[in-house]
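K.L.:
Each residue of the sequence shown is one higher than the last, beginning at 16 in our numbering.
Note that beta-carbon positions come from the ideal geometry of N, C-alpha and C, so glycine has one too.
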Amino acid sequence: MAVNQEELCNAIVELVTATHGKKNLKPMDVTKAMIEQFGEDNVDKSMCKKALRSLMDSGRCTYKYAGGSYVTLPEN
């Protein structure tokens with residue numbers, strides 16, 4: 016059963032929140048973690064890319080640039 020966009024977005028935010036301040040996650044790290052969590056049959060790279068774009072557009076997550084792109088929570 017494929018995972019819906021909302022569920023995937025919430026899982027990504029959970030992951031980023033759990034690692035915030037401890038580890039910088041690249042977009043590919045997030046994608047690999049979601050595929051591992053939900054399984055290859057339920058989530059693919061394009062779904063993760065769309066979910067990340069949705070999170071960036073909504074402001075729930077942002078990109079941080081420090082020698083590469085990282086997914087992080089917006090600064091308050």
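Answer with buried or exposed for Ala17, where buried requires no fewer than 16 other C-beta atoms within 10 angstroms of its C-beta.
P.N.:
To locate residue 17, count along the sequence shown from 1; it is residue 2. Per the 10 Å Cβ criterion, exposed.
K.L.:
Secondary structure at Leu40, three-state DSSP: helix, strand or coil?
P.N.:
Along the sequence shown, one-based indexing puts residue 40 at 25. Strand, per DSSP.
K.L.:
Sorted by chain position, which residues of the same chain lie with C-beta nearer than 6 Å to Asp56's C-beta, five sequence neighbours on each side aside?
P.N.:
Counted from its first residue, the sequence shown places residue 56 at position 41. Hits under 6 Å: none found.
K.L.:
In angstroms, rounded to a whole number, what distance separates the CA positions of Ser73 and Glu51?
P.N.:
Along the sequence shown, one-based indexing puts residue 73 at 58. Along the sequence shown, one-based indexing puts residue 51 at 36. Going by the C-alpha atoms only, they are around 25 Å apart.
K.L.:
Let's see if you can read the secondary structure: which residues bound the alpha helix (DSSP H) around Val31?
P.N.:
Residue numbering aside, residue 31 sits at position 16 when the sequence shown is read from its first letter. Where Val31 is concerned, the enclosing alpha helix (DSSP H) stretches over Gln20 to Thr34.
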